[in-house]
Amino acid sequence: MHLDTSAESGEEPPARRLLRTLKQFSPAGRGFWSDIPDSDWNDWRWQLRHRITTAEQLQRLMPTLTPEEYAGATLANHKLALAITPYFFNLIDPADENCPIRWQVIPRVEETQTASWEMSDPCGEDAHSPVPGLVHRYPDRVLMLVTDRCAAYCRYCTRSRLVSNASGYDFHPEFDQQIEYIRRTPAIRDVLLSGGDPLLFSDEKLEALLSRLRAIPHVEFLRIGTRIPIFLPQRITPQLCEMFRKYHPLFVSIHSNHPRELTTEVRDALGRLADAGIPLGNQSVLLRNVNDDATVMKALVQKLLICRVKPYYIYQCDLIAGSAHLRTSVRKGLEIMESLRGHTTGYAVPQYVIDAPGGGGKVPVSPEYVLSRNADRVVIRNYEGKIFEYPEATDGTPLVAAPKEIEEPELV
Ligand code: SF4
């Protein structure tokens, strides 16, 4: 049996050391692009033009590519394209086959295997689409898909049926029809722009959409879902942030899965958005080999708060075709939530959700803290496993005196 003697020896325990290391901010570095002028490297359009998009490029830059990865990269253009920005590529550890960054963006041959329970549209978006590119699933809000392009492609993408157009979906959002539908549906008070990644649009094109939406009186609240701050922090320019200021209340949901993605460049980009008054939330997908670990997830959520981002959701990986190698169990997700709640700042604890297969919407799942409940009392446990009773009023009115049968709730 291994005994942890670190406390006696005064050494830092391994989990704490790992947490501290993962929370450090470092720049991505220049890697193969060390001779590129700063003006190019920091130009988001240069980054897009120089993305790695073929198996050959990938192998040249990373000779440690495994046969599974090479085969995956070769086949990617029939399913979900391969694209990695030079900036994000520099976060990959070429010496580590299990590098969590690598698993997210380098295709693997396992993507070609589809289990019988997997789907091309696991959230049933197409079935809830009244006009092309608009998903109206919940009563008071809509998802407005504005593009099928992203700065880089996540191998587990829920919308891989349409993003990158490698599968021939031929996505054509109809902005006029989308906006007209929103205009004539007064119940819609919240519009989420997503895709693909809306921040790939020029400032002018994005502003044209935001201003048309903002002009609809019943639209109270705008949101943008984007992974650009993580894949391409250079895109978060002061000009973009200045433009966003005009369209408040405007929230931005980013997508980060591992604390190593939060570099100094990303921290600065998120700081620019936060300084423009934009509330920031993060959505993570629980992924095998990436973040299915309590220390990694704790480092991620704590580091997000340092970047002024509220951890919002952890998604159980959707049943997207070809994603089994990246999926981890709900049991593991619950274990991770258990390791966060009470063990770190409440603001750092996201909601763990499963998007119900086929289009049932997000269902929160959480470890069981209510052990039993009847008309008189609720028995609960805290994060340390201690049991408590809370007296309940039988008729639902606020309790002013303990019910007779509970004299003093016994606190453990
Ligand atoms: S950035 Fe979002 S939409 Fe684009 S590939 Fe990744 S998960 Fe899919």
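Residue numbers (this note's numbering): 3 to 414. Backbone N, C-alpha and C fix where the C-beta goes; we use that ideal spot for every residue, glycine too. All values derive from a computational prediction rather than experimental measurement.
Residue burial is scored here from C-beta neighbours: G197 has at least 16 other C-beta atoms within 10 angstroms and is therefore classed as buried. It is roughly 41 Å from the alpha-carbon of E391 to the alpha-carbon of P124. Going by beta carbons, C243 and R274 fall inside the 8 Å limit.
Here R143 is bridged, per DSSP, to Y140 and D192.
Unbroken alpha helix (DSSP H) runs of no fewer than 4 residues, entirely contained in the segment 33-120, are found at 40-43, 46-51, 57-63, 69-77, 88-91 and 102-107, following chain order. Around the CB of N384, fewer than 16 other CB atoms lie within 10 Å, so the residue is classed as exposed. In the structure shown, the three-state DSSP call for L373 is strand. Secondary structure note for P16: it is in no beta strand (DSSP E), and the uninterrupted alpha helix (DSSP H) holding it is P16 to L24. The beta-carbon separation of V148 and I184, rounded to 13 Å, does not stay under the 8 Å limit for a contact. Between P134 and Q179, the alpha-carbon positions lie close to 8 Å from each other. Bridge pairing for S122: absent [DSSP]. Linking F233 to G360 through their CA atoms gives a straight-line distance of about 29 Å. Fully enclosed alpha helix (DSSP H) runs of no fewer than 4 residues occupy 177-185 of the segment 149-209, in order along the chain. Take the alpha-carbon of T228 and the one of F34: they are about 27 Å apart. The continuous alpha helix (DSSP H) containing V268 extends over residues T266 to D277. Taking the Cβ of V165 as the reference point, at least one heavy atom of the ligand SF4 falls within a distance shorter than 7 Å.
If you compare the alpha carbons of L21, Q353 and V292 with that of R157, the shortest gap goes to V292.
Taken through DSSP and simplified to helix, strand or coil, A358 comes out as strand. If you draw a 10 Å sphere on the C-beta of S213, you find fewer than 16 other C-beta atoms in it, and that means exposed.
R110 is not a Cβ neighbour of E58, given a cutoff of 8 Å. In the DSSP assignment, V298 falls within the alpha helix (DSSP H) that extends over A296 to I308. As a beta-bridge residue in DSSP terms, G283 pairs with S255 and K312.
Burial check for L373: the Cβ neighbour count within 10 Å stays below 16, so the residue is exposed. Within 7 Å of the C-beta of G197 there is at least one heavy atom belonging to the ligand SF4. When the beta-carbon positions are compared, P29 and T239 stay at least 8 Å from each other.
Within the same chain, and ignoring the five residues on either side of R225 in sequence, the residues whose Cβ sits closer than 8 Å to its Cβ are D192, V193, L194, L195, L252, F253, V254 and S255. For the options K305, T55, N79 and N284, the alpha carbon positioned closest to that of T87 is the one of T55. Counted as a single uninterrupted DSSP element, the beta strand (DSSP E) harbouring V365 occupies residues G363 to P366.
Taking each of S118, D199 and E394 in turn and checking the Cα distance to Y155, the smallest one comes out for D199. If you draw a 10 Å sphere on the C-beta of Q318, you find 16 or more other C-beta atoms in it, and that means buried.
Linking D320 to L77 through their CA atoms gives a straight-line distance of about 22 Å.
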